[in-house]
Amino acid sequence: MRTATITRNTSETQITVSLNLDGTGKARFDTGIPFLEHMLDQIARHGLIDLDIVCKGDLHIDDHHSVEDIGITLGQALKAALGDKIGIRRYGHSYVPLDEALSRVVLDLSGRAGLEYHIDFTRATIGKFDVDLFSEFFHGLVNHAMITLHIDNLRGKNAHHQAETVFKAFGRALRMAVEYDERMAGKMPSTKGTLTA
450 MRTATITRNT SETQITVSLN LDGTGKARFD TGIPFLEHML DQIARHGLID LDIVCKGDLH
510 IDDHHSVEDI GITLGQALKA ALGDKIGIRR YGHSYVPLDE ALSRVVLDLS GRAGLEYHID
570 FTRATIGKFD VDLFSEFFHG LVNHAMITLH IDNLRGKNAH HQAETVFKAF GRALRMAVEY
630 DERMAGKMPS TKGTLTA
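Residue numbering for the sequence shown follows the working numbering, starting at 450 and increasing by one per position.
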């Protein structure tokens with residue numbers, strides 16, 4: 450099974466992320482940031498990825514360091530679990546609606562970091578969570594997983610719905626991309642011969 454556990458310790462955060470790409474969507478979180486945990490649960494559930502994340506961060510300052518560093522560590526774990534990427538689909542995409550909101554996520558497990566992030570949130574906070582931090586999360590993830598990721602919230606009036614459709618769509622797109630393709634068995638899904646450099 451494709452699994453990884455990554456621990457990352459800095460003066461701002463101490464984080465351990467364990468994931469199983471061939472899981473069933475089980476999730477456990479201990480981060481001190483409830484709304485982020487709700488979003489991470491969408492990745493696990495809709496991506497069928499088992500995900501365990503523990504973070505002790507400087508939340509007395511704000512959530513910024515914890516959210517960004519969780520993205521970084523999750524990206525490192527994703528990269529490690531994917532290995533050489535032989536036989537996978539490589540590309541994934543998903544549209545997800547939630548009431549009035551609709552988001553599209555398209556990704557490529559390319560070995561190149563790139564993020565196009567287009568969400569015009571209708572308010573600055575969801576509960577106590579600063580929506581600007583979602584950009585920091587995805588930048589950290591992309592830069593350390595070495596993936597190309599396009600996120601577009603196509604419509605939405607409720608910021609909670611906007612965020613939830615993005616994370617659900619990301620989970621489903623990731624599930625598609627990491628799946629093994631029977632027709633690609635033993636083959637690298639790239640004319641370059643590698644997706645790791």
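Using N, Cα and C, we set each Cβ at its ideal position, and we do this for glycine too.
- Counting of Cβ neighbours within 10 angstroms places Asp479 among the exposed residues, the total staying below 16.
- The beta carbon of Phe587 sits closer than 7 Å to those of Gly520, Leu564, Tyr566, Leu598 and Ile600, all from its chain and outside the five residues before and after it, given in chain order.
- Per DSSP, the beta-bridge partners of Asn602 are Ser552.
- Of all alpha-carbon atoms in Asp518, Val503 and His509, the one lying nearest the alpha-carbon of Thr459 is that of Asp518.
- The DSSP-derived three-state label of Phe586 is helix.
- Looking at the DSSP output, Gln463 shares a beta bridge with Asn458 and Lys505.
- Nearest Cα to Ile502 within the set Pro483, Ala634 and Ala612: Pro483.
- Ala550 and Gln491 have their C-alpha atoms roughly 16 Å apart.
- By a beta-carbon distance limit of 8 Å, Gly524 contacts Ala594. Their separation comes to about 4 Å.
- In the structure shown, Arg494 adopts helical secondary structure according to DSSP, grouped into three states.
- Taking the Cβ atoms as the reference, Phe578 lies roughly 7 Å from Asp512, within the contact range of under 8 Å.
- With contacts defined by Cβ atoms closer than 9 Å, Ile568 and Val516 do not form a contacting pair.
- Unbroken beta strand (DSSP E) stretches of 3 residues or longer found wholly inside the segment 533 to 577: 540 to 547, 550 to 557 and 563 to 567, given in chain order.
- Non-local C-beta neighbours of Met633 in its own chain, meaning closer than 6 Å and more than five positions away in sequence, comprise Gly536, ordered along the chain.
- A Cβ-Cβ separation of about 6 Å places Leu547 in contact with Glu613 under the 8 Å criterion.
- For Asp479, the enclosing beta strand (DSSP E) starts and ends at Ala476 to Asp479.
- By the neighbour-count definition (other C-beta atoms within 10 Å, threshold 16), Glu631 is an exposed residue.
- Per the DSSP secondary-structure output, Asp499 pairs in a beta bridge with Asn469.
- Contact between Arg553 and Glu628 does not hold, since their C-beta atoms are separated by about 19 Å, which reaches or exceeds 8 Å.
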